[in-house]
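Residue numbers for the sequence shown follow my numbering, so the first one is 1293 and each next one is one higher. For reference, the structure discussed in these notes is given below.
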Amino acid sequence: MSKKKLVVLTGAGISAESGIKTFRDSNGLWENHDVAEVASPEGWARNPHLVLDFYNQRRKQLHTCKPNGGHKGLVDLERYFDVQVITQNIDDLHEQAGSTKVLHLHGELKKVRSTVDENLVYSLDGWELKWGDKCEKGSQLRPHIVWFGEAVPAIETAIDLVDKADIFAVVGTSLNVYPAAGLLNYVAPGTPIYIIDPHQPSYTPASNITFIQANATVGVPELITLLTENIHA
Ligand code: APR
1293 MSKKKLVVLT GAGISAESGI KTFRDSNGLW ENHDVAEVAS PEGWARNPHL
1343 VLDFYNQRRK QLHTCKPNGG HKGLVDLERY FDVQVITQNI DDLHEQAGST
1393 KVLHLHGELK KVRSTVDENL VYSLDGWELK WGDKCEKGSQ LRPHIVWFGE
1443 AVPAIETAID LVDKADIFAV VGTSLNVYPA AGLLNYVAPG TPIYIIDPHQ
1493 PSYTPASNIT FIQANATVGV PELITLLTEN IHA
């Protein structure tokens, strides 16, 4: 019998206990930078060196971080379910933990891409992308990140995955940023939804939603128990 499809939408909160700051509890700043300066096409046009340095710092920091019990718990669930992670995070902690299906909505910190052909995407060796590093067509390379104001190419794929979910879980996202936050609306009626967050994120309460008020390292193991207790019974 094929495994039930468990789709999990994750955000910055699942990486918080790995030492990576979330966004909205840093009073709107991202590591002390205004996101418009370091995460927008205008910021890149205005000062590409600042943007390159910002993501180089983020990559350097990521090299010191490890997956936590939240990431690992989602890997454990692959024993019981066909698990698809859809993440807003640009870190690769889901992949490091061992998740086999991860869709990045907002890009990937360890990848870079051409500024003349967005299909030319490269894995970056090391942590530093420098001004003058060029793609095979001779144009400057940029972070492979979806900046504010840019399209989210993976959203159609994400919607299709959510639409087919037998169970939907949300871990560590304030559900403030669209189109990712809108994925909740594509869950088929009656599908069980589990939301794990130490604070109440913004969603419309419904009978099929179970809210687990906890950090990811506590809430994901709790989810495993909830989802597998009848399997063990
Ligand atoms: N475990 C689980 N959740 C946590 C933890 C934790 N240890 N610590 C904080 N959280 C929750 C917060 O309560 C909040 O609801 O994680 C959520 C983080 O929300 P945001 O900081 O808004 O991050 P996120 O939802 O991922 O932001 C979405 O916005 O800035 C853009 O592109 C960026 O991908 C990002 C997007």
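Positions of the beta carbon are idealized from the N, C-alpha and C atoms, including for glycine. Computed from a prediction, not measured in an experiment: that's the story for all the values here.
Contact between the region 1491 to 1508 and the region 1340 to 1358 (3+ Cβ pairs under 8 Å): Segments in contact, no.
Exposed unless 16 or more other CB atoms sit within 10 angstroms - verdict on W1423: In the sequence shown, residue 1423 corresponds to position 131, counting from 1. W1423 is exposed by the Cβ-count criterion.
DSSP three-state assignment for V1404, whether helix, strand or coil: Translated into positions along the sequence shown, residue 1404 becomes position 112. Strand, per DSSP.
Sequence-distant residues of the same chain with beta carbon closer than 8 Å to L1429, five excluded per side: Indexing the sequence shown from 1 puts residue 1429 at position 137. The amino acid occupying residue 1429 in the given sequence is Lys; Leu does not appear at that position. The residues are S1406, V1408, D1409 and L1412.
Nonlocal neighbours in the same chain, by C-beta distance under 8 Å from Q1432, ignoring five residues either side: Counting from one through the sequence shown, the residue named residue 1432 turns up at place 140. The answer, listed in chain order, is P1340, T1407, W1423, G1424, D1425 and K1426.
Between the CA atoms of G1390 and E1334 - distance to the nearest angstrom: Residue 1334 sits at position 42 when you count from the first residue of the sequence shown. Residue 1390 sits at position 98 when you count from the first residue of the sequence shown. Rounded to the nearest angstrom, the two C-alpha atoms are 36 Å apart.
Near the ligand MN: A1389 beta-carbon under 7 Å from a heavy atom: The ligand MN is absent from the structure shown, which contains only the ligand APR.
K1352, enclosing alpha helix (DSSP H) - first and last residue: The residue you call residue 1352 lines up with position 60 of the sequence shown. Here the alpha helix (DSSP H) through K1352 covers P1340 to L1354.
Inter-residue Cα distance where the pair is E1448 and L1395: Along the sequence shown, read from residue 1 onward, the residue named residue 1448 stands at position 156. Along the sequence shown, read from residue 1 onward, the residue named residue 1395 stands at position 103. So the two alpha carbons sit approximately 11 Å from each other.
A1461: CB within 7 Å of a non-hydrogen atom of the ligand APR: Translated into positions along the sequence shown, residue 1461 becomes position 169. Because no heavy atom of the ligand APR lies under 7 Å away, the Cβ of A1461 does not count as near it: no.
Extent of the continuous alpha helix (DSSP H) run through Q1388: Locating residue 1388 in the sequence shown gives position 96, counting from the first residue. Q1388 -> alpha helix (DSSP H) spans L1385 to A1389.
Where L1467 falls: helix, strand or coil (DSSP): Here residue 1467 refers to the residue found at position 175 of the sequence shown. DSSP places L1467 outside both helix and strand once states are collapsed to three, so it counts as coil.
Beta bridge counterpart(s) of V1394 as assigned by DSSP: Within the sequence shown, the letter at position 102 stands for residue 1394. Beta-bridge pairing links V1394 to V1377.
The ligand APR heavy atom lying under 7 Å from the CB of H1398: Residue mapping note: residue 1398 aligns to position 106 of the sequence shown, counting from 1. Yes - the ligand APR has a heavy atom lying nearer than 7 Å to the Cβ of H1398.
Which residues DSSP lists as bridging L1298, in chain order: One-based indexing of the sequence shown puts residue 1298 at position 6. Paired residue(s): V1375 and I1459.
K1403 to K1393 span [Cα, whole Å]: If you number the sequence shown from 1, residue 1403 lands on position 111. If you number the sequence shown from 1, residue 1393 lands on position 101. C-alpha separation (whole angstroms): 17 Å.
Nearest residue (CA-CA) to N1468, options N1522, V1299, F1315 and V1300: Taking the sequence shown and counting its residues from 1, one reaches residue 1468 at position 176. Closest by alpha carbon: F1315.
Distance between M1293 and G1365 (C-alpha atoms, nearest Å): Along the sequence shown, read from residue 1 onward, the residue named residue 1365 stands at position 73. Along the sequence shown, read from residue 1 onward, the residue named residue 1293 stands at position 1. Cα to Cα, the separation comes out at about 23 Å.
Chain-order list of residues whose beta-carbon lies under 7 Å from that of V1479 (same chain, five-residue window excluded): Here residue 1479 corresponds to residue number 187 of the sequence shown, with the count starting at 1. Closer than 7 Å at Cβ, skipping near neighbours: V1454, A1457, F1460 and I1485.
Anticipated Cβ contact below 8 Å, P1471 with V1444, distance rounded: Here residue 1471 corresponds to residue number 179 of the sequence shown, with the count starting at 1. Here residue 1444 corresponds to residue number 152 of the sequence shown, with the count starting at 1. Between V1444 and P1471 the Cβ distance is about 6 Å, and since that is below 8 Å, they are a contact.
Buried versus exposed call for N1507 [16 or more other C-beta atoms within 10 Å across all chains shown]: Here residue 1507 is taken as the residue at index 215 of the sequence shown, counted from 1. Classification of N1507: buried, given that the 10 Å Cβ count is 16 or more.
L1397 versus D1374: straight-line alpha-carbon distance, rounded: The residue you call residue 1397 lines up with position 105 of the sequence shown. The residue you call residue 1374 lines up with position 82 of the sequence shown. Answer to the nearest angstrom: the Cα atoms are 19 Å apart.
Nearest-angstrom Cα separation, counted from V1300 out to T1502: For the purposes of this step, residue 1502 is taken as residue 210 along the sequence shown, with counting starting at 1. For the purposes of this step, residue 1300 is taken as residue 8 along the sequence shown, with counting starting at 1. Taking the straight line joining both Cα atoms gives about 14 Å.
Complete alpha helix (DSSP H) runs within the region 1473 to 1516 (minimum length 4 residues, chain order): When DSSP assignments are scanned along the region 1473 to 1516, no uninterrupted stretch of alpha helix (DSSP H) that is 4 or more residues long falls wholly within it.
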